[in-house]
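Participant: This is the structure, below, for whatever I ask next.
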Amino acid sequence: MLVSKSKKQHHYKLFHRNSLLVHLKSKRHSRHRLYSSEERFKKISRIRHFVNNFYQTYRSLCLFVTFILRLCIVIDRIIRELSMFIEKLIQIIRVIYGWIQMIRSIFSAIHLIMSRIMMLSHCIHRICHLLTILLQPFSNRTFEKAVRSFSHFVFYYYSSNGACYTLQARTRHIVGRVRARWKKKRNYIIDDGEEEDDDDDNDIYYDAYSEEC
6 MLVSKSKKQH
16 HYKLFHRNSL
26 LVHLKSKRHS
36 RHRLYSSEER
46 FKKISRIRHF
56 VNNFYQTYRS
66 LCLFVTFILR
76 LCIVIDRIIR
86 ELSMFIEKLI
96 QIIRVIYGWI
106 QMIRSIFSAI
116 HLIMSRIMML
126 SHCIHRICHL
136 LTILLQPFSN
146 RTFEKAVRSF
156 SHFVFYYYSS
166 NGACYTLQAR
176 TRHIVGRVRA
186 RWKKKRNYII
196 DDGEEEDDDD
206 DNDIYYDAYS
216 EEC
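Residue numbers (my numbering): 6 to 218.
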């Protein structure tokens, strides 16, 4: 192996210079290789530039999409919070409206009860007024005087001869005067005294001897 190697070295030393043609070929080949390497480098640089541009655009698109998604998430949260607040506000308004309706119903019921009480008191007052008007002859002794005078009249004229002649006229006069007194709405004030009572009796039972049957 050592011998062969020495021979090769010796051969190389003898023919270590190349020819010019070989040198030109090598230059051409080196230029060609240089050009090809430059073209490859340009292609690679273009590809890298394209890839970088694509990556930048993709990254920008991803960032834009993420920003839009985050913005949508924030808007969704805000809308959700607003909807919850509006629902709570609506519930509060409904509760307040129910309270107002309850208070209105209570006041309307109180007003109805008071109106019924007022109507009842008015009816009671009217009944009392009518009872006072009805019992007025008993309070001022008008009924007692009428009965007493009528009994005296019947006894007197039935015991006399002219009873049949004047009974119808006197009865009509007595009934008309009693009805007229009962229809009056004011109280009569009768002074104490027997003379006035006798005058009233004589006024009610007037003389009807001159009337014809």
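Here a beta-carbon is modelled for each residue, glycine too, at the ideal position from N, C-alpha and C.
Nothing here was measured: the structure is a model prediction, and the numbers come from that model.
With a CB to CB cut of under 8 angstroms and the five nearest residues on each side skipped, what residues in its chain are close to Val180?
Facilitator: Working through the sequence shown from its first residue, we reach residue 180 at position 175. Same-chain partners within the cutoff: there are none.
Participant: Could you have a look at Arg45 and say whether DSSP puts it in helix, strand or coil?
Facilitator: Counting from one through the sequence shown, the residue named residue 45 turns up at place 40. DSSP places Arg45 in helix when its eight states are reduced to three.
Participant: Please report the straight-line C-alpha distance between Leu74 and Asn58, rounded to a whole angstrom.
Facilitator: In the sequence shown, the residue the question calls residue 74 occupies position 69. In the sequence shown, the residue the question calls residue 58 occupies position 53. Cα-Cα distance, rounded: 24 angstroms.
Participant: For Ala185, does the count of other Cβ atoms within 10 angstroms reach 16, so buried, or fall short, so exposed?
Facilitator: As a working mapping, residue 185 is identified with position 180 in the sequence shown. When all chains shown are included, Ala185 counts as exposed.
Participant: Is it buried or exposed for Asp196, if we count other Cβ within 10 angstroms and need 16 for buried?
Facilitator: Sequence index remark: in the sequence shown, residue 196 carries index 191 (1-based). Its pLDDT being 48, under 50, Asp196 is placed unreliably in this model, and the coordinates cannot settle the point.
Participant: In angstroms, rounded to a whole number, what distance separates the CA positions of Ala151 and Ile138?
Facilitator: Residue numbering aside, residue 151 sits at position 146 when the sequence shown is read from its first letter. Residue numbering aside, residue 138 sits at position 133 when the sequence shown is read from its first letter. Distance between the alpha carbons of Ala151 and Ile138: 17 angstroms.
Participant: Using the three-state DSSP reduction, which class does Leu3 fall into: helix, strand or coil?
Facilitator: As displayed, the chain neither begins before 6 nor continues past 218, which places residue 3 out of reach and without an answer.
Participant: Once DSSP output is grouped into helix, strand and coil, what is the label at Leu94?
Facilitator: Reading the sequence shown from its first residue, position 89 is the one you call residue 94. Helix, per DSSP.
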